[in-house]
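Here is the structure we will look at.
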Amino acid sequence: MKKIDQNAVTYGMPIELMMENAGREICNEMLKKIKKYKIKKILVVAGNGNNGGGVIAASRHLSIYGISLKLVILGTKNSLSTPSKLHLSLIRKNPKIQIIYSSKNLKKVLSEIQNSELIIDGIFGIGINRDVIDPHYSIISAINDSNAYVISNDVPSGINADSGKIYNIAVKPNYLVVLHKPKKWMMRPKTLKFIVANIGIPIEIDN
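Counting in the numbering used here, the sequence shown runs from 620 upward without gaps.
What follows is the structure in structure tokens.
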């Protein structure tokens, strides 16, 4: 998937646009779950990489429908990737979105996780290749211990996107929004429920 992302950029598709498209698709799935389960308390958790940028974009799309939510940024605004910073800049004055930085108040983040009914996981993406350490470990553990319905963006945080290997901990989502196409390991029996989201990557880039 990393190679596909790189090819898409070379093809002329900026990362920011792919994030925007991913955010719209994630939002559409969120709306379905909100309606089905009558959800009110929504928490979006964004890591520093491009996976986090996708869920930041999803937050903005959801707010367009008049839905309020809380957005956790893991770290600080300066620790975000450059494309993610762009999407964050679009929501800083959005009255429907309350932004919480884990670097300032980790206890509040953990409390919000326990109080949420829907959690969007955008902590790690396709780049993770190591065990998870704190504060991310504690946050993932809290998500797994919560009673919230959990949707992960592309890959559950803590799982190797190529092999499906689980490191020392991983988010256990109820549902997965897979970007562009499913990873091979997702086709095994007893894997997660998922939907494949079209983020605008041309088919010929796969070849």
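Beta carbons are placed, not taken as given, at the ideal position from N, Cα and C, and that holds for glycine.
About 6 Å separates the Cβ atoms of ILE745 and VAL774, confirming a contact at the 8 Å cut-off. In the DSSP assignment, GLY631 falls outside any alpha helix (DSSP H), carrying neither H nor E. Under DSSP, no beta-bridge partner is assigned to LYS660.
Annotation: ASP740 to CYS646 spans about 13 Å, alpha carbon to alpha carbon.
For GLY673, the enclosing alpha helix (DSSP H) has its first and last residue at 669-682.
Pairing SER771 with PRO754 gives a Cβ-Cβ distance that is not under 8 Å. In the three-state reduction of the DSSP assignment, LEU693 falls in the coil class, being assigned neither a helical nor a strand state. In this model, ILE653 and ILE692 are separated by some 22 Å (Cα to Cα).
Residues of the same chain with a CB within less than 6 Å of the CB of ALA665, apart from the 5 flanking positions on each side, are GLY671, VAL674, ILE675, ILE692 and GLY741 in chain order. With respect to GLY777, VAL790 sits close: the two C-beta atoms are nearer than 8 Å. Where TYR768 is concerned, the enclosing beta strand (DSSP E) starts and stops at 768-772. Between LYS659 and GLU736, the CB-CB gap stays under 8 Å.
Look at GLY783 here: in three-state DSSP terms it is coil, with no helix or strand label. The three-state secondary structure of GLY746, taken from DSSP, is coil.
The C-alpha of PHE743 is placed about 10 Å away from the C-alpha of ASN779. For VAL728, there is no enclosing beta strand (DSSP E); the residue is part of the alpha helix (DSSP H) that begins and ends at 725-734.
In this structure, DSSP gives ALA665 an extended state, which the three-state scheme calls strand. Between SER678 and ILE710, the gap from beta carbon to beta carbon is short of 8 Å.
With contacts defined by Cβ atoms closer than 8 Å, LEU795 and LYS812 form a contacting pair. Here ASP764 carries a helix assignment [DSSP, helix/strand/coil].
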